[in-house]
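K.L.:
After the structure tokens below, expect a handful of questions from me.
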Amino acid sequence: MSKLLDRFRYFKQKGETFADDHGQVMHSNRDWEDSYRQRWQFDKIVRSTHGVNCTGSCSWKIYVKNGLVTWEIQQTDYPRTRPDLPNHEPRGCPRGASYSWYLYSANRLKYPLIRKRLIELWREALKQHSDPVLAWASIMNDPQKCLSYKQVRGRGGFIRSNWQELNQLIAAANVWTIKTYGPDRVAGFSP
Numbered sequence: 026m027s028k029l030l031d032r033f034r035y036f037k038q039k040g041e042t043f044a045d046d047h048g049q050v051m052h053s054n055r056d057w058e059d060s061y062r063q064r065w066q067f068d069k070i071v072r073s074t075h076g077v078n079c080t081g082s083c084s085w086k087i088y089v090k091n092g093l094v095t096w097e098i099q100q101t102d103y104p105r106t107r108p109d110l111p112n113h114e115p116r117g118c119p120r121g122a123s124y125s126w127y128l129y130s131a132n133r134l135k136y137p138l139i140r141k142r143l144i145e146l147w148r149e150a151l152k153q154h155s156d157p158v159l160a161w162a163s164i165m166n167d168p169q170k171c172l173s174y175k176q177v178r179g180r181g182g183f184i185r186s187n188w189q190e191l192n193q194l195i196a197a198a199n200v201w202t203i204k205t206y207g208p209d210r211v212a213g214f215s216p
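Structural data, given as structure tokens:
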């Protein structure tokens with residue numbers, strides 16, 4: 026077994042010894058350690074909050090390196106509420122502390138997706154109507170068309186689209202909803 030181990034160049038390296046040959050100094054490449062040294066380096070600190078389904082809006086220090094979020098810590102300079110109460114420091118939650126993971130997650134959507142049946146209806150309606158609001162109204166006022174895209178909900182069937190097309194659809198749907206039901210029927214949500 027030792028002949029096999031002697032073949033490896035690593036085991037043949039000789040370095041300076043010390044402490045009566047109980048220790049040895051090797052002069053090998055240690056560039057790999059730089060990744061640990063550079064882990065906590067940053068270019069700038071940005072004050073921010075997280076809009077991930079959060080109602081607290083706690084303030085965070087975001088550490089940025091090369092334009093990417095490297096880590097974040099809670100900001101601790103909130104004003105004191107009352108002198109007889111302890112400070113609310115730190116205010117952030119675990120969800121906020123892991124926001125940079127969410128930001129760069131492989132599961133995060135990077136392109137707009139839409140249900141295939143709905144975009145087919147939308148494209149057909151736009152060919153028939155020059156006004157996007159009228160195109161959306163033609164879909165919503167036809168019970169058969171409305172049912173055809175609502176029945177496939179929850180079954181997947183999403184396809185990639187582009188922002189221009191989907192922003193036009195969203196704007197037309199919002200304008201139609203406001204005209205039909207009033208402005209208090211439109212609400213936004215971001216998970």
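Under the numbering used here, residues 26 to 216 are what the sequence shown spells out, in order. Each residue gets a CB set at the ideal place from its N, CA and C atoms; glycine is no exception. Note that the structure is a prediction, hence the values are computed from the model and not measured.
Pull up the distance between the alpha-carbon of Val89 and that of Val200, whole angstroms please.
P.N.:
39 Å
K.L.:
Here's the rule: buried if 16 or more other CB atoms are within 10 angstroms of the residue's CB, otherwise exposed. What is Leu172?
P.N.:
With fewer than 16 Cβ atoms within 10 Å of its Cβ, Leu172 is classed as exposed.
K.L.:
From Val50 to Asp56, what distance separates their C-alpha atoms?
P.N.:
About 16 Å.
K.L.:
DSSP state of Ser73, grouped into three classes?
P.N.:
strand
K.L.:
Return the chain-ordered list of same chain residues with a C-beta closer than 7 Å to the C-beta of Gln99, the five sequence neighbours on each side being excluded.
P.N.:
Cys83, Trp85, Pro115, Arg116, Gly117
K.L.:
Can you list, in chain order, the residues of its chain with a C-beta nearer than 6 Å to that of Lys69? Leave out the 5 residues immediately preceding and following it.
P.N.:
Val89
K.L.:
Measuring alpha carbon to alpha carbon, tell me which residue in Asp45, Asp209, Ile164 is nearest Glu145.
P.N.:
With distances taken between CA atoms, Glu145 lies nearest to Ile164 out of Asp45, Asp209, Ile164.
K.L.:
To which residues does DSSP link Gly48 through a beta bridge?
P.N.:
Phe43
K.L.:
Under 8 Å, do Trp168 and Gln193 count as touching if we go by C-beta distance?
P.N.:
The residue you asked about is not Trp; residue 168 is Pro in the sequence shown. Going by C-beta atoms, Pro168 is not nearer than 8 Å to Gln193.
K.L.:
Return the first residue and the last residue of the alpha helix (DSSP H) that Trp96 is part of.
P.N.:
Careful: Trp96 lies outside any alpha helix (DSSP H), inside the beta strand (DSSP E) at 93-99.
K.L.:
Can you say whether Ile87 is buried or exposed, counting buried as having 16 or more other CB atoms within 10 angstroms of its CB?
P.N.:
buried
K.L.:
Any idea what DSSP makes of Leu219, helix, strand or coil?
P.N.:
The shown model of the chain, from 26 to 216, leaves out residue 219, and the question about it has no answer.
K.L.:
Assign His47 to buried or exposed, taking buried as 16 or more other Cβ atoms, counted over all protein chains shown, within 10 Å of its Cβ.
P.N.:
exposed
K.L.:
Kindly indicate the opening and closing residues of the alpha helix (DSSP H) around Lys170.
P.N.:
168-175
K.L.:
If you pair each beta-carbon of the region 121-134 with each one of the region 90-110, do three or more pairs fall below 8 Å?
P.N.:
yes
K.L.:
Would you call the CB atoms of Lys135 and Gly182 closer than 8 Å?
P.N.:
For Lys135 and Gly182, no; Cβs fall outside 8 Å.
K.L.:
If I follow the unbroken beta strand (DSSP E) through Arg140, where does it start and stop?
P.N.:
138-140
K.L.:
With 16 other CB atoms within 10 Å as the buried threshold, where does Tyr61 fall?
P.N.:
Taking a 10 Å sphere around the C-beta of Tyr61, we find fewer than 16 other C-beta atoms and assign the residue as exposed.
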